[in-house]
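Working notes, beginning with the structure itself.
Number of protein chains: 2
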Amino acid sequence: MNNFHVIGILGGGQLAQMLALDGFPLGFRFVFFDPTADACAGLVGDLMVADYDDEGALEKFAKQCDFVTYDFENVPVKAAEFVAQNTSIFPHPNVLEIAQDRLKEKVLFREQLNLPVGDFYSVDSYSELVFAVKSCDNDGFLKTRRMGYDGKGQHRITNETDLKKLWEEIDGGSFILEQAVHFNREVSVILARNASGDILCYELCENKHKQGMLTTTLVPATPSKHSDTAFDYAKKIANELSYVGVLAVEMFETNDGLFINEMAPRVHNSGHWSIEGAVTSQFENHLRAGMGLPLGSTEMSKGYSAMINWIGEIPSVSLTSKEKDVYWHIYGKQNRKGRKVGHSTVVADNAQELHTKVVKLAKLLGA
Amino acid sequence: MNNFHVIGILGGGQLAQMLALDGFPLGFRFVFFDPTADACAGLVGDLMVADYDDEGALEKFAKQCDFVTYDFENVPVKAAEFVAQNTSIFPHPNVLEIAQDRLKEKVLFREQLNLPVGDFYSVDSYSELVFAVKSCDNDGFLKTRRMGYDGKGQHRITNETDLKKLWEEIDGGSFILEQAVHFNREVSVILARNASGDILCYELCENKHKQGMLTTTLVPATPSKHSDTAFDYAKKIANELSYVGVLAVEMFETNDGLFINEMAPRVHNSGHWSIEGAVTSQFENHLRAGMGLPLGSTEMSKGYSAMINWIGEIPSVSLTSKEKDVYWHIYGKQNRKGRKVGHSTVVADNAQELHTKVVKLAKLLGA
Numbered sequence: 047m048n049n050f051h052v053i054g055i056l057g058g059g060q061l062a063q064m065l066a067l068d069g070f071p072l073g074f075r076f077v078f079f080d081p082t083a084d085a086c087a088g089l090v091g092d093l094m095v096a097d098y099d100d101e102g103a104l105e106k107f108a109k110q111c112d113f114v115t116y117d118f119e120n121v122p123v124k125a126a127e128f129v130a131q132n133t134s135i136f137p138h139p140n141v142l143e144i145a146q147d148r149l150k151e152k153v154l155f156r157e158q159l160n161l162p163v164g165d166f167y168s169v170d171s172y173s174e175l176v177f178a179v180k181s182c183d184n185d186g187f188l189k190t191r192r193m194g195y196d197g198k199g200q201h202r203i204t205n206e207t208d209l210k211k212l213w214e215e216i217d218g219g220s221f222i223l224e225q226a227v228h229f230n231r232e233v234s235v236i237l238a239r240n241a242s243g244d245i246l247c248y249e250l251c252e253n254k255h256k257q258g259m260l261t262t263t264l265v266p267a268t269p270s271k272h273s274d275t276a277f278d279y280a281k282k283i284a285n286e287l288s289y290v291g292v293l294a295v296e297m298f299e300t301n302d303g304l305f306i307n308e309m310a311p312r313v314h315n316s317g318h319w320s321i322e323g324a325v326t327s328q329f330e331n332h333l334r335a336g337m338g339l340p341l342g343s344t345e346m347s348k349g350y351s352a353m354i355n356w357i358g359e360i361p362s363v364s365l366t367s368k369e370k371d372v373y374w375h376i377y378g379k380q381n382r383k384g385r386k387v388g389h390s391t392v393v394a395d396n397a398q399e400l401h402t403k404v405v406k407l408a409k410l411l412g413a
Numbered sequence: 047m048n049n050f051h052v053i054g055i056l057g058g059g060q061l062a063q064m065l066a067l068d069g070f071p072l073g074f075r076f077v078f079f080d081p082t083a084d085a086c087a088g089l090v091g092d093l094m095v096a097d098y099d100d101e102g103a104l105e106k107f108a109k110q111c112d113f114v115t116y117d118f119e120n121v122p123v124k125a126a127e128f129v130a131q132n133t134s135i136f137p138h139p140n141v142l143e144i145a146q147d148r149l150k151e152k153v154l155f156r157e158q159l160n161l162p163v164g165d166f167y168s169v170d171s172y173s174e175l176v177f178a179v180k181s182c183d184n185d186g187f188l189k190t191r192r193m194g195y196d197g198k199g200q201h202r203i204t205n206e207t208d209l210k211k212l213w214e215e216i217d218g219g220s221f222i223l224e225q226a227v228h229f230n231r232e233v234s235v236i237l238a239r240n241a242s243g244d245i246l247c248y249e250l251c252e253n254k255h256k257q258g259m260l261t262t263t264l265v266p267a268t269p270s271k272h273s274d275t276a277f278d279y280a281k282k283i284a285n286e287l288s289y290v291g292v293l294a295v296e297m298f299e300t301n302d303g304l305f306i307n308e309m310a311p312r313v314h315n316s317g318h319w320s321i322e323g324a325v326t327s328q329f330e331n332h333l334r335a336g337m338g339l340p341l342g343s344t345e346m347s348k349g350y351s352a353m354i355n356w357i358g359e360i361p362s363v364s365l366t367s368k369e370k371d372v373y374w375h376i377y378g379k380q381n382r383k384g385r386k387v388g389h390s391t392v393v394a395d396n397a398q399e400l401h402t403k404v405v406k407l408a409k410l411l412g413a
């Protein structure tokens, strides 16, 4: 008899869905835990619909799983800790706790690891806000410490900002003021680390955002003198956290070097290209790490790759067109403004070909 | 609101599973109908467990589907016809009826389409058997007319065969005696046809069998003077049947030309390589045809491809090794002698590289 492994995922979004799609050909079974009945991972596996504080449901969920992991970093830490009492969970709930709080994250990077980050200030009161804004030369971002993603919960601070009015509008809470980092480009390192401490990094990803949301990733990023440093920083973080799974670290590249922006303790949107663009996708390697299997090669499958997000709407061309080296991923979510509903990937043999294909694809998508 | 389409599949084996895995990224949902609770497609979608004569269950199944198709050709025709009263079904149940009966199939090929097949004789009695064997020069295969697959239900007939004993053993029923075709190689055409009559063929597949089961497929088959003819024959069959979906036609290549062996009205084991080896897999094109979408390009993604079946046992290397251009597919079925439990695919830029990779892979698999 074979023992087919069951993997549980807290959260049932597109990341959970893609983890399952890459895990099925390895014979893994999946169960998803999500408070929402129409969570899109339900399309491809068993969806347990329950709240994150429902310990009966969490216990039932955990007990059928070889190990549990996350679809997103805002899974309540308490739920993750409860699951940890019943089965293995990767990455460790401690990591979630740090990743959920921008302040703790920055403190880890700067104080604990001595890595470069833009200046930041904890803001819990109006007077702290005023002090922090002055320290940042009126040039920064006020962000909620918790539950922010895709540019949500962020306010640009400039000379023009009416701080009094802003403070009244946001109506209290815990914030961080981050000095604006004037960067030349944004890059991310996607790495996989297993429990033995083996680390494999994917090629450096160059990311373009619009209104805080990732729109395009190009891989490998055009080489710069900072590329090696980027990998060193990300590995340092992973080792410090005894990290198991795929970790994404976003960084800003400036004239003064690299600054770490944030980390995501999970598979990451800027790694979606790896499904077709790498020998082993970030999804498969996340599962391999959790499973204690050897990591798969992270080298490029064809040399170059790019990913374009579909935000708000599934492009109609995705069902009619089917071209060589172009791949569609529809998540099965309803169209909604500002929502990631799918993505497309292209692969190419060289940078020039990639550029040509991306331009053609963007035109096809009407992007 | 998007309308995500629901596709039903009668039968829940690995073909249904792979149809779903390729359909998910297009946003399709799947429901499988199978009498067996552990049918392996259940790994990746909703499995309705009921018998094929349970009309209540069939109606419930059909009514939620945009269209229905098959995992295997031995789905009872009555069940398919009942489903057809409630939703679209492709290919047409008439095609199932022919494909389920070796005699009807051969009559279609030879009488209706004037295509070359080896000599064959209907055998319903001992005297018919004796006559047929004599007509075949004591060199043939006695096969059950119905429910045979993967070499099951077949008896080799030679000078040595004790016909009296054999007839007693098989204990009646409807048979066909096929004269042995002494072939140089076995090839298959995999094509996709949509309701508008568009046909796209994959490159010719060269297949190796062991004890009636497919073990290896190499694509494209080394070109021969018969290649064009093979495509013509398969297209003739598809057009005659007003076929919708993927059709596989197996043929023998001999010194005297091609002889058609049999057809499969579904995606086919000798087309599994297309998941990674072609721009559009046979699974996606089967769904596209059923959905009325334009067919996707059937050209090779990299030039060359091969598929090796795993029969009886999942090779342990499939979880530990992960090499470039080599892909594993574990179906999630229990190991069992003679059972197809998975397959591996390789892709390559040229024939020599493919050969090297296949030899290396076979060694890795212990095949």
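Protein chains in written order, with the numbering used here: chain A, 47 to 413; chain B, 47 to 413.
A virtual CB, placed ideally from N, CA and C, is assigned to each residue, including glycine.
Bear in mind that the values here come from a model prediction, so they are computed numbers and not experimental data.
Nearest chain A C-beta to residue i closer than 8 Å, yes or no?
| i | result |
| --- | --- |
| B:I53 | no |
| B:K368 | yes |
| B:G91 | yes |
| B:P340 | yes |
| B:S347 | yes |
| B:L72 | yes |
| B:L365 | yes |
| B:M47 | Annotation note: pLDDT 47 at B:M47 (below 50); position unreliable, no value reported. |
Assuming residue i contacts residue j under a Cβ cut-off of 8 Å, what Cβ separation, rounded to an integer in Å, is found between them?
| i | j | result |
| --- | --- | --- |
| B:K379 | B:I357 | 11 Å between Cβ atoms; not a contact. |
| A:T418 | A:I354 | Outside the displayed range of chain A (47 to 413) lies residue 418 of chain A, so it cannot be described from this structure. |
| B:G291 | B:T115 | 6 Å |
| A:E308 | A:E296 | 5 Å |
| B:V235 | B:N253 | About 11 Å separates the two Cβ atoms, so there is no contact after all. |
| A:F113 | A:F136 | 6 Å |
| A:F78 | A:G102 | Actually they do not touch by this definition, with Cβ atoms about 17 Å apart. |
| A:S367 | A:D68 | The Cβ separation is near 24 Å, so there is no contact. |
| A:A352 | A:V404 | 5 Å |
Could one say the Cβ of residue i lies closer than 8 Å to chain B's Cβ atoms, at least one of them?
| i | result |
| --- | --- |
| A:M297 | no |
| A:V392 | no |
| A:S343 | yes |
| A:F42 | Outside the shown range of chain A (47 to 413) lies residue 42 of chain A, about which nothing can therefore be said. |
| A:N132 | no |
| A:R75 | yes |
| A:M353 | no |
Have a look at the DSSP bridge pairing and note the partners of residue i.
| i | result |
| --- | --- |
| A:I360 | For A:I360, which the question treats as bridged, DSSP gives no partner whatsoever. |
| B:G54 | B:V77 and B:V114 |
| B:G303 | B:T300 |
| B:A226 | BP columns for B:A226 are empty, so no partner. |
| B:K386 | B:I357 |
| A:Q200 | A:K189 |
| A:Y377 | Paired residues: none, contrary to the question. |
| B:T366 | DSSP output for B:T366 lists no bridge partner at all. |
| B:K221 | The sequence as given places Phe at residue 221 of chain B; Lys does not occur at that position. Bridge partners of B:F221: B:V169 and B:T190. |
| A:A294 | A:I236 and A:A310 |
| B:A394 | B:Y350 |
task = Mind listing, in chain order, the continuous beta strand (DSSP E) runs of no fewer than 3 residues lying wholly within the segment 234-292 of chain A?
result = 245-247, 251-256 and 259-265
The segment 55-70 of chain A: positions lying closer than 7 Å to chain B by Cβ = L67 and F70
message = Extract the residue ranges of the alpha helix (DSSP H) inside the segment 126-196 of chain A, only unbroken runs of 4 or more that lie entirely within it.
response = 139-145, 148-153 and 172-181
task = Could you run through the segment 305-327 of chain B and flag, in chain order, every residue whose CB is less than 8 Å away from some CB of chain A?
result = Residues V325 and T326.
ask   = Going along the segment 375-406 of chain B in order, which residues come within less than 9 Å of chain A, judged by CB to CB distance?
value = H375, I376, Y377, G378, K379, Q380, N381, V387 and G388
ask   = Quick one, which residues of the segment 148-160 of chain A are near chain B if we go by CB-CB under 8 Å, in chain order?
value = none
task = Run through the segment 307-358 of chain B for me and flag every whole alpha helix (DSSP H) of 4 or more residues, listed as ranges in chain order.
result = Segments of the alpha helix (DSSP H) lying fully in the segment 307-358 of chain B: 320-323 and 328-337.
task = Tell me the start and end of each unbroken alpha helix (DSSP H) in the segment 58-100 of chain A that is at least 4 residues and wholly inside, in chain order.
result = 60-69
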